[in-house]
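Undergrad: Numbering (the numbering used here), first residue to last: 514 to 884.
Think of the CB as a built atom: it goes at the ideal place given N, C-alpha and C, for glycine as much as any other residue.
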């Protein structure tokens with residue numbers, strides 16, 4: 514939501530669920546919508562109320578959507594729904610039992626319908642009442658929606674049957690956030706491109722001088738192990754050879770482009786440089802399968818957006834040349850949208866953490882609960 518107007522600013526997750534909802538309505542069903550928004554700490558907070566999205570959901574469904582604020586009133590309200598009607602329940606995280614995975618709260622939610630459809634891939638890695646425990650009350654009537662199905666099919670296309678060369682582009686701030694996905698990708702990918710703040714821990718592990726760039730000293734051994742495993746498995750790891758550096762972490766900071774292994778004291782890397790862009794583009798354009806998770810720099814600031822934008826354009830070009838590209842949610846999806854390339858890639862995931870855990874080789878509780 515826009516913090517100033519309280520209007521829906523990004524409706525892609527709502528839009529992604531519409532086909533499943535319309536399918537149920539068109540086949541004579543009524544729908545009770547369960548969802549969460551934000552991370553409310555102490556019960557209901559107006560800024561996290563789902564009442565703010567009722568009009569948007571109604572417009573996208575082209576039908577009225579009623580709103581139920583009181584969880585205790587929900588069962589009687591749901592019982593009055595007739596075919597074709599939709600009711601949106603208040604933010605399930607307003608109830609403490611949601612994040613605790615409370616069976617009593619899950620039982621209350623289960624009483625609102627006679628079958629359960631989970632279409633929230635973005636929450637599939639959470640063992641919460643509305644994503645896992647609720648499914649136990651529908652032993653024969655639990656299923657995934659069209660979005661969840663598409664997310665899994667596209668992820669499995671990379672995890673199980675990637676056409677090679679397969680390039681994984683991994684960016685973001687910290688090695689610690691991405692170490693498990695990198696280790697798992699070493700057994701699947703032919704090339705791994707590293708960008709973002711995490712690249713400087715890799716550079717430091719190679720003996721580089723990285724100035725004031727983001728650095729995780731406790732991850733050096735992990736990085737060295739990644740290098741070793743990559744060599745053993747024949748996977749090529751590509752690191753930035755040059756960086757756009759700044760004298761402070763600010764949008765209007767002074768900048769220069771330098772060798773990534775020779776960043777002056779007092780300067781920090783905030784984007785990849787032109788030589789790195791060219792090097793990465795050559796790898797991407799030869800690829801037949803591409804996974805992108807994480808930006809190349811602080812792309813939210815125009816001064817440090819070029820690396821991420823050029824990589825996004827390369828992924829789009831490779832896709833148009835026949836490659837399959839999966840954009841891994843979160844910042845990568847935001848970047849694709851910012852640069853107007855959403856219709857030029859194969860699939861954009863709605864899950865950030867969920868997709869990350871899937872590619873780490875983990876079982877997602879929200880999906881496991883549907884088996």
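What do you reckon, are the CB atoms on residue 800 and residue 680 nearer than 8 Å?
TA: Yes, they are a contact pair.
Undergrad: Tell me whether residue 775 sits in a helix, a strand or coil according to DSSP, three-state version.
TA: In the structure shown, residue 775 sits in a strand (DSSP, three-state: E or B).
Undergrad: Looking at residue 864 and residue 842, is the spacing between their C-beta atoms short of 8 Å?
TA: In this structure, residue 864 lies closer than 8 Å to residue 842 by Cβ.
Undergrad: Comparing alpha-carbon positions, which option in 609, 565, 556, 624 lies nearest residue 589?
TA: Per the Cα distances, 624.
Undergrad: Is the beta carbon of residue 525 closer than 8 Å to that of residue 574?
TA: No; because the gap between Cβ atoms is not below 8 Å, this pair is not in contact.
Undergrad: Between residue 802 and residue 676, which are expected to be in contact by the criterion C-beta below 8 Å, what is the C-beta distance as a whole number of angstroms?
TA: That belief holds up - the Cβ atoms of residue 802 and residue 676 are roughly 5 Å apart, short of 8 Å.
Undergrad: What number of angstroms, rounded off, separates the C-alpha of residue 522 from the C-alpha of residue 562?
TA: Residue 522 and residue 562: Cα-Cα distance of roughly 15 Å.
Undergrad: Let me know the secondary structure DSSP gives residue 681 once reduced to three states.
TA: Reduced to three states, the DSSP call for residue 681 is strand.
Undergrad: Pick helix, strand or coil for residue 653, following the three-state DSSP scheme.
TA: Of the three classes helix, strand and coil, the one that applies to residue 653 here is coil, per DSSP.
Undergrad: Could you check whether the segment 659-675 touches the segment 550-567, counting it as contact only if at least three pairs of C-beta atoms, one from each stretch, sit closer than 8 Å?
TA: Counting Cβ pairs under 8 Å, fewer than three are found: no touch.
Undergrad: Are the beta-carbon atoms of residue 567 and residue 601 separated by less than 8 Å?
TA: Yes; because the gap between Cβ atoms is below 8 Å, this pair is in contact.
Undergrad: Using only CA atoms, which one of 881, 806, 714 lies nearest to residue 868?
TA: Ranking 881, 806, 714 by Cα distance to residue 868 puts 806 first.
Undergrad: Considering only DSSP beta bridges, list what residue 578 is partnered with.
TA: Paired residue(s): 599.
Undergrad: Could you check which residue in 739, 718, 722 has the C-alpha nearest to that of residue 730?
TA: Nearest C-alpha to residue 730: 718.
Undergrad: Return the chain-ordered ranges of every beta strand (DSSP E) run that is complete within the segment 719-804 and spans a minimum of 3 residues.
TA: Runs of the beta strand (DSSP E) inside the segment 719-804: 749-751, 755-759, 768-772, 781-785.
Undergrad: Under the rule that 16 or more other beta-carbon atoms within 10 Å means buried, what is residue 804, buried or exposed?
TA: Buried, because 16 or more other Cβ atoms sit within 10 Å of the Cβ of residue 804.
Undergrad: Any idea if residue 617 is buried or exposed, counting beta-carbon neighbours within 10 angstroms, 16 or more meaning buried?
TA: Exposed: under 16 other Cβ atoms inside 10 Å.
Undergrad: Starting from residue 707, follow its DSSP beta bridges and name the residues at the other end.
TA: Looking at the DSSP assignment, residue 707 forms a beta bridge with 683.
Undergrad: Taking only three categories from DSSP, how would you classify residue 806?
TA: The answer is strand: DSSP assigns residue 806 an E or B state.
Undergrad: Alpha helix (DSSP H) containing residue 840: first to last residue?
TA: Segment 837-840 is the beta strand (DSSP E) holding residue 840; no alpha helix (DSSP H) there.
Undergrad: In chain order, what residues of the same chain have a beta carbon less than 6 Å from the beta carbon of residue 750, not counting five sequence neighbours either side?
TA: 705, 743, listed in sequence order.
Undergrad: Straight-line CA distance for residue 663 to residue 630?
TA: So the alpha carbons of these two residues sit roughly 14 Å apart.
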